[in-house]
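Chains U and E, in that order, are what the protein sequence lines are.
Take the first sequence: its letters are residues 12 to 476, numbered as in this note's numbering.
Take the second sequence: its letters are residues 8 to 480, numbered as in this note's numbering.
Structure first, commentary second.
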Amino acid sequence: MTTTASNAGLALLPDLGEDIEEADVIQIYVGVGELIALEQAIIEIETEKATIDLPSSVAGNVTEIHVRAGDTIRPGDPVLSVDVDAGSGSNSASNSAAVAPATPTPNRAAPPQLTPAAEADSGQMMPLSPDPPLPSAEEDHPAPILHVPAAAPSPLLESDLESRPVFASPSVRRFAREIGVEIRSVRGSGPGGRIDQGDIKRHSRETPIQAPSLGHTALLPGPLPDFSEFGAVERVPMSRLRRTIKRNMAVSWHEVPHVTLFHTADVTELEQVRRDYRGRAEQAGGRLTITAILLKITAAALKAHPHVNSSLDAENNELVLKRYVNLGVAVDTPRGLVVPVIRDVDEKNIIQISVELTDISERARSGDLGLQDFRGSSFTVTNLGGMGTGHFTPIIHHPNTAILGLGRAERRPIWSDALDNWEPRSILPLSFTFDHRVMDGADGARFMTWIADVIRQPLVLALGS
Amino acid sequence: MVSGGDKFRLVVLGAGPGGYPAAFHAAERGLEVTLVDTRAQPGGVCLYEGCIPSKAFLHVAKLIREARHASDWGVTFGDPTIDVDALRDWKDGVVRKMTNGLGLLRRQHSVQYQQGYGRIRDAGQLNIESNAEVLPIDFDALIVATGSTPSVPRSLQLESDRVMDSTDALELKDIPRSLLVVGGGYIGLELGTVYAELGTEVTVVEALPEILSGVERDLVRILERSLRSRLKATHVNTSVSSLEEVEGGIAAVIVDQDGAERTEVYERVLVATGRRPNSAGLGLERTQAQIDDRGFIVTDQQRRTAEPSIFAIGDVAGEPMLAHKATAEASVAVEAIVGEPSAFRPLAVPAVIFTDPEIAWCGLTQSDASALDIEATTVSFPWAALGRATASGRNDGLTRLVIEEGSDRVLGMQVVGPGAGELIGEGVLAVELGARASDLAESIHAHPTLNESIMEAAQVFFGHSPHYLTRRR
Numbered sequence: 012m013t014t015t016a017s018n019a020g021l022a023l024l025p026d027l028g029e030d031i032e033e034a035d036v037i038q039i040y041v042g043v044g045e046l047i048a049l050e051q052a053i054i055e056i057e058t059e060k061a062t063i064d065l066p067s068s069v070a071g072n073v074t075e076i077h078v079r080a081g082d083t084i085r086p087g088d089p090v091l092s093v094d095v096d097a098g099s100g101s102n103s104a105s106n107s108a109a110v111a112p113a114t115p116t117p118n119r120a121a122p123p124q125l126t127p128a129a130e131a132d133s134g135q136m137m138p139l140s141p142d143p144p145l146p147s148a149e150e151d152h153p154a155p156i157l158h159v160p161a162a163a164p165s166p167l168l169e170s171d172l173e174s175r176p177v178f179a180s181p182s183v184r185r186f187a188r189e190i191g192v193e194i195r196s197v198r199g200s201g202p203g204g205r206i207d208q209g210d211i212k213r214h215s216r217e218t219p220i221q222a223p224s225l226g227h228t229a230l231l232p233g234p235l236p237d238f239s240e241f242g243a244v245e246r247v248p249m250s251r252l253r254r255t256i257k258r259n260m261a262v263s264w265h266e267v268p269h270v271t272l273f274h275t276a277d278v279t280e281l282e283q284v285r286r287d288y289r290g291r292a293e294q295a296g297g298r299l300t301i302t303a304i305l306l307k308i309t310a311a312a313l314k315a316h317p318h319v320n321s322s323l324d325a326e327n328n329e330l331v332l333k334r335y336v337n338l339g340v341a342v343d344t345p346r347g348l349v350v351p352v353i354r355d356v357d358e359k360n361i362i363q364i365s366v367e368l369t370d371i372s373e374r375a376r377s378g379d380l381g382l383q384d385f386r387g388s389s390f391t392v393t394n395l396g397g398m399g400t401g402h403f404t405p406i407i408h409h410p411n412t413a414i415l416g417l418g419r420a421e422r423r424p425i426w427s428d429a430l431d432n433w434e435p436r437s438i439l440p441l442s443f444t445f446d447h448r449v450m451d452g453a454d455g456a457r458f459m460t461w462i463a464d465v466i467r468q469p470l471v472l473a474l475g476s
Numbered sequence: 008m009v010s011g012g013d014k015f016r017l018v019v020l021g022a023g024p025g026g027y028p029a030a031f032h033a034a035e036r037g038l039e040v041t042l043v044d045t046r047a048q049p050g051g052v053c054l055y056e057g058c059i060p061s062k063a064f065l066h067v068a069k070l071i072r073e074a075r076h077a078s079d080w081g082v083t084f085g086d087p088t089i090d091v092d093a094l095r096d097w098k099d100g101v102v103r104k105m106t107n108g109l110g111l112l113r114r115q116h117s118v119q120y121q122q123g124y125g126r127i128r129d130a131g132q133l134n135i136e137s138n139a140e141v142l143p144i145d146f147d148a149l150i151v152a153t154g155s156t157p158s159v160p161r162s163l164q165l166e167s168d169r170v171m172d173s174t175d176a177l178e179l180k181d182i183p184r185s186l187l188v189v190g191g192g193y194i195g196l197e198l199g200t201v202y203a204e205l206g207t208e209v210t211v212v213e214a215l216p217e218i219l220s221g222v223e224r225d226l227v228r229i230l231e232r233s234l235r236s237r238l239k240a241t242h243v244n245t246s247v248s249s250l251e252e253v254e255g256g257i258a259a260v261i262v263d264q265d266g267a268e269r270t271e272v273y274e275r276v277l278v279a280t281g282r283r284p285n286s287a288g289l290g291l292e293r294t295q296a297q298i299d300d301r302g303f304i305v306t307d308q309q310r311r312t313a314e315p316s317i318f319a320i321g322d323v324a325g326e327p328m329l330a331h332k333a334t335a336e337a338s339v340a341v342e343a344i345v346g347e348p349s350a351f352r353p354l355a356v357p358a359v360i361f362t363d364p365e366i367a368w369c370g371l372t373q374s375d376a377s378a379l380d381i382e383a384t385t386v387s388f389p390w391a392a393l394g395r396a397t398a399s400g401r402n403d404g405l406t407r408l409v410i411e412e413g414s415d416r417v418l419g420m421q422v423v424g425p426g427a428g429e430l431i432g433e434g435v436l437a438v439e440l441g442a443r444a445s446d447l448a449e450s451i452h453a454h455p456t457l458n459e460s461i462m463e464a465a466q467v468f469f470g471h472s473p474h475y476l477t478r479r480r
């Protein structure tokens with residue numbers, strides 16, 4: 012170490028706020044021997060929220076760099092040492108400033124420069140969580156967040172727990188009710204674990220979907236009106252399947268931030284391939300449909316984009332990437348929607364897939380599927396084209412993280428540069444819904460483009476694989 | 008037939024400290040409000056025959072008591088001469104001033120007032136019955152705030168002027184030579200001490216083993232010391248099995264804990280055995296609203312009954328039967344009606360017993376905390392160490408805080424002493440805001456005041472109160 016007590020300064024990774032516990036070093040902007048100024052950007056770091064150019068808390072000559080690109084560092088870790096005497100500023104002032112592990116910009120109006128994610132090369136660095144839609148009066152608090160250990164488990168009844176006093180003032184409790192946060196699940200950052208308004212906001216940000224809380228309940232309309240007042244009605248009990256769908260859809264809708272991308276694919280060539288090989292599929296006992304071919308293409312797309320073929324373990328902050336491609340296929344039956352699974356689609360050829368799809372669809376309609384036939388899907392394909400639907404917004408089959416919806420292909424005039432004229436082409440509407448916690452718009456768009464390219468030129472698939 | 012215009016129409020049944028604030032609040036929110044009560048003006052039991060008139064008398068009682076004590080301090084007054092009519096007029100004047108004030112506020116809020124008895128017809132209509140007239144009125148929402156009534160056991164119901172409930176006692180028809188108070192709860196003790204200071208020989212009987220059942224014993228003991236010199240006798244584990252009008256008074260058959268009966272004659276008897284909710288006869292049975300086995304209307308956290316258009320607040324909606332609880336519920340119900348996510352979830356509802364000394368508390372006691380499996384510590388500051396209390400000749404008091412271990416937050420406060428009811432407000436604020444012991448200990452309290460005792464109790468928690476040596480920590 013070249014640092015000494017009298018003339019050395021140390022730049023530390025400051026508290027980054029927002030509960031950020033660590034950051035990855037992307038690149039180092041400065042070198043040993045370089046003269047740096049206060050607030051000069053010294054390294055680029057990436058946190059869960061954004062990439063940040065870290066400003067120096069010290070000025071002087073860099074004597075040692077304590078981090079390397081790729082390191083994961085935590086607030087308080089040393090970043091670099093400087094010889095403050097070399098700096099142009101007052102020695103004593105910069106010296107003391109240098110060793111203080113202070114937050115560089117306690118004024119949150121001017122935080123460490125946040126690099127807008129869109130500028131990052133891949134476009135994948137969009138800040139994950141926009142602020143919740145709250146009234147102005149932003150009350151951020153720069154104080155470090157104290158984590159209070161959760162209360163020891165006790166044999167208390169739920170009603171007893173309910174009657175335990177909430178550690179928050181009436182105005183904070185009201186705020187929580189108003190934005191629909193169950194305050195008992197909020198961890199307080201204040202002294203002794205007191206919950207303040209900032210804690211409610213943070214909780215709301217971090218857990219975007221609440222279990223229905225009192226606030227929500229209060230805002231829900233009361234019981235259904237007596238419809239018989241307006242005319243005759245009939246009450247039909249929901250089937251077990253309908254009730255399952257009801258629950259699953261609600262869970263997915265509440266749990267997953269859905270984004271749907273609309274895309275189109277030119278299936279003219281694919282239609283030709285389908286007609287050419289239809290006979291072979293029929294001989295094998297299957298029907299060669301656009302769905303069957305698209306299952307194959309989707310499987311290849313998933314192999315090329317493994318994070319789409321995943322589940323989110325939100326509790327452990329891990330993404331579970333599936334090495335297998337089991338495709339759930341949404342089938343409309345007289346009893347309602349079911350999603351049987353075709354396994355290892357990536358390892359099967361299109362003829363095998365069409366046979367299996369024909370079989371499973373028929374058995375689904377006749378109610379002849381076992382529990383095993385529904386388990387283990389890693390991605391879902393749903394086709395509403397048969398009923399004339401174009402684009403739509405499919406809901407993710409949780410715990411999958413994405414679903415592909417196929418619409419009805421239409422003949423449309425498309426300009427052909429080769430022919431220098433309009434040309435009739437079959438255009439298939441594709442609707443791709445993904446879990447925005449797992450991937451971003453650009454990821455989804457790349458996945459769709461990949462599929463559309465393959466559909467347009469089926470040969471690509473053969474060449475690619 | 009009165010029927011609603013374009014506006015959302017709210018009817019509030021009962022104009023006590025739950026009903027009138029609800030009506031005013033709703034009117035401020037733009038609702039068309041009709042307030043219904045049997046009395047000429049808003050105010051309810053609280054103003055007409057409860058909180059306010061009893062405090063007027065308690066104020067006089069305190070004056071008499073202090074004048075008597077003044078001889079200890081070197082100032083001797085003669086025995087007081089009490090003009091009962093003038094005293095009653097003064098009390099009535101207080102009540103009139105307050106209720107007329109409410110009547111004015113009611114008009115300023117453009118709240119319609121219907122004097123009469125409300126009887127619910129269905130979930131959207133009720134009749135207001137006054138004399139022979141019946142006025143049907145439609146509502147979009149109804150708040151039932153009909154309060155409670157003194158409940159007199161059947162065995163003690165006697166058609167006699169000399170047997171009083173709390174309402175009659177506040178009429179102050181005369182100052183009897185002797186008074187038997189049946190029931191050692193807060194109403195019996197507050198009114199009993201008023202009569203005692205006015206010169207009546209007061210005997211209190213309580214069927215349970217302690218007076219003020221449910222209040223922490225060590226607080227009550229400080230009050231008991233003071234009551235001993237003022238009441239002729241206090242008998243616990245004792246009941247009254249019957250009352251009979253006799254020459255010059257009421258003969259009461261008193262049964263002690265061994266079952267032995269004796270008959271004693273008192274000039275008057277005050278039956279203060281509790282209050283029951285006014286939920287019967289309102290027509291609630293014609294709606295989906297439910298009434299529990301104690302007569303309380305069952306509501307959710309927003310004070311909505313099982314009938315979505317009907318709310319209930321105050322004494323009729325459950326314990327504690329306290330005016331300020333009713334007022335707080337009024338806001339909750341009105342906000343629920345206008346669609347806000349309100350909820351009645353206080354951490355601290357203060358309770359005050361206006362005896363002398365007063366007893367007041369809020370939040371959790373040590374045993375409440377234990378029941379909830381919360382580790383808590385109780386710290387006390389005795390008023391014997393409090394300059395202001397001693398300088399006023401009244402250091403029979405104690406200020407106590409219940410503090411959660413670990414977080415140091417204030418969970419509850421209990422105070423006994425003259426003026427305890429004024430001090431408890433700080434405790435409520437501390438509990439509701441989630442103050443920690445250090446917040447109270449380090450907030451400067453004026454010297455010399457009684458509220459210093461709160462700061463010092465918090466300092467006791469840290470083991471360094473300047474005026475009280477402890478060995479904690």
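By construction, the Cβ of each residue, glycine as well, lies at the ideal position given by its N, Cα and C atoms.
Worksheet item: Cβ of Ala279 of chain E within 9 Å of Cβ of Val359 of chain E?
Response: no
Worksheet item: Between Ala442 of chain E and Leu46 of chain U, what straight-line distance do the alpha-carbon atoms span, to the nearest angstrom?
Response: 49 Å
Practice prompt. Could you please give the first and the last residue of the uninterrupted alpha helix (DSSP H) stretch that includes Asn458 of chain E?
Written response: Taken as a continuous stretch (DSSP letters only), Asn458 of chain E belongs to no alpha helix (DSSP H), as it is neither H nor E.
Worksheet item: Using 8 Å as the threshold, is the region 247-262 of chain E in touch with the region 221-231 of chain E, meaning 3 or more CB pairs across them?
Response: no
Practice prompt. Return the bridge partner residues of Thr391 of chain U from the DSSP annotation.
Written response: For Thr391 of chain U, which the question treats as bridged, DSSP gives the partners U:Gly339, U:Ile414.
Worksheet entry | 7 Å Cβ cut-off: residues of chain U touching Asp415 of chain E | Going along chain U in sequence order, the residues near Asp415 of chain E (Cβ under 7 Å) are Gly203.
Worksheet item: Rounded to a whole number of angstroms, what is the C-alpha to C-alpha distance between Gly191 of chain U and Arg185 of chain U?
Response: 10 Å
Fill in: C-beta atoms of Gly481 of chain E and Gly85 of chain E nearer than 9 Å
The shown model of chain E, from 8 to 480, leaves out residue 481 of chain E, and the question about it has no answer.
Discussion item. Using a 10 Å radius around the Cβ and a threshold of 16 neighbouring Cβ atoms, would you call Ala171 of chain E buried or exposed?
Written reply: Per the sequence shown, residue 171 of chain E should be read as Met rather than Ala. With 16 or more other Cβ atoms within 10 Å, it is buried.
Discussion item. Rounded to whole angstroms, what is the Cα-Cα separation between Thr275 of chain U and Trp461 of chain U?
Written reply: 12 Å
Worksheet entry | Beta-carbon contacts of Phe39 of chain E that lie in its chain and below 6 Å, excluding the five residues immediately before and after | For clarity, residue 39 of chain E is Glu in the given sequence; the question names Phe instead. Cβ neighbours of Glu39 of chain E beyond the five flanking positions: Lys14, Arg16.
Worksheet item: Taking just the CA atoms, how far does Leu405 of chain E sit from Gly424 of chain E?
Response: 6 Å
Discussion item. Using a Cβ-Cβ distance cut-off of 9 Å, determine whether Arg198 of chain U contacts chain E.
Written reply: Answer no: the Cβ-Cβ gap between Arg198 of chain U and chain E never drops below 9 Å.
Worksheet item: Based on the DSSP output, what are the partners of Ala179 of chain U in its beta bridges?
Response: Answer is U:Ile206, bridged to Ala179 of chain U.
Discussion item. Measuring alpha carbon to alpha carbon, tell me which residue in E:Ile71, E:Gly100, E:Leu436, E:His242 is nearest Leu418 of chain E.
Written reply: When only C-alpha atoms are compared, the closest one is E:Leu436.
Worksheet item: When the distance is taken between beta carbons, is Tyr120 of chain E closer than 9 Å to Val209 of chain E?
Response: no
Fill in: C-beta contact flag for Glu204 of chain E and Arg237 of chain E at 9 Å
yes
Discussion item. Using the three-state DSSP reduction, which class does Ala240 of chain E fall into: helix, strand or coil?
Written reply: Strand.
Worksheet item: In the structure shown, what three-state DSSP assignment does Glu33 of chain U receive?
Response: coil
Item to complete: Note the first and the last residue of the continuous beta strand (DSSP E) segment covering Tyr40 of chain U.
Response: Neither: Tyr40 of chain U is in no beta strand (DSSP E) and is coded neither H nor E.
Worksheet item: Is Gly23 of chain E helix, strand or coil by DSSP?
Response: coil
Practice prompt. Kindly indicate which residue of U:Pro351, U:Val465, U:Glu293, U:Gln283 has the alpha-carbon position closest to the one of Thr393 of chain U.
Written response: U:Pro351
Discussion item. DSSP three-state label for Pro60 of chain E, please.
Written reply: helix
Discussion item. Short of 8 Å in beta carbon distance, which residues of its chain neighbour Val244 of chain U, apart from the five on each side in sequence? Order them along the chain.
Written reply: Phe238
Item to complete: Report yes or no: do three or more beta-carbon pairs, one from the region 381-390 of chain E and one from the region 347-356 of chain E, lie closer than 8 Å?
Response: no
Worksheet entry | Within chain U, partners of Arg293 of chain E - CB distance below 9 Å | Chain U residues near Arg293 of chain E: none, gap ~16 Å exceeds 9 Å.
Discussion item. I'd like to know if Ala350 of chain E contacts chain U, where contact means its C-beta is closer than 9 Å to some C-beta of that chain.
Written reply: yes
Fill in: Residue burial classification, Val465 of chain U (beta-carbon count within 10 angstroms, cutoff 16)
buried
Worksheet item: Just how far apart, CA to CA, sit Val267 of chain U and Arg386 of chain U?
Response: 20 Å
Practice prompt. Starting from Pro484 of chain U, find everything on chain E with Cβ-Cβ shorter than 8 Å and list it in chain order.
Written response: Nothing can be reported for residue 484 of chain U: it is not among the residues displayed for chain U, which extend from 12 to 476.
Worksheet item: Thinking C-alpha only, which one of E:Leu277, E:Arg275, E:Val247, E:Val188 is nearest Asp263 of chain E?
Response: E:Val247
Worksheet item: Roughly how many angstroms lie between the CA atoms of Ala448 of chain E and Asp451 of chain U, to the nearest whole one?
Response: 52 Å
Fill in: Counted within 10 angstroms of its Cβ, other Cβ atoms place Gly212 of chain U as buried (16 or more) or exposed
Reading off the sequence shown, one finds Lys at residue 212 of chain U, where the question assumed Gly. Classification of Lys212 of chain U: buried, given that the 10 Å Cβ count is 16 or more.
Practice prompt. Assuming Pro6 of chain E contacts Ser173 of chain E (C-beta within less than 8 Å), just tell me the rounded distance between them.
Written response: This structure gives no information on residue 6 of chain E, because the portion of chain E shown stretches from 8 to 480.
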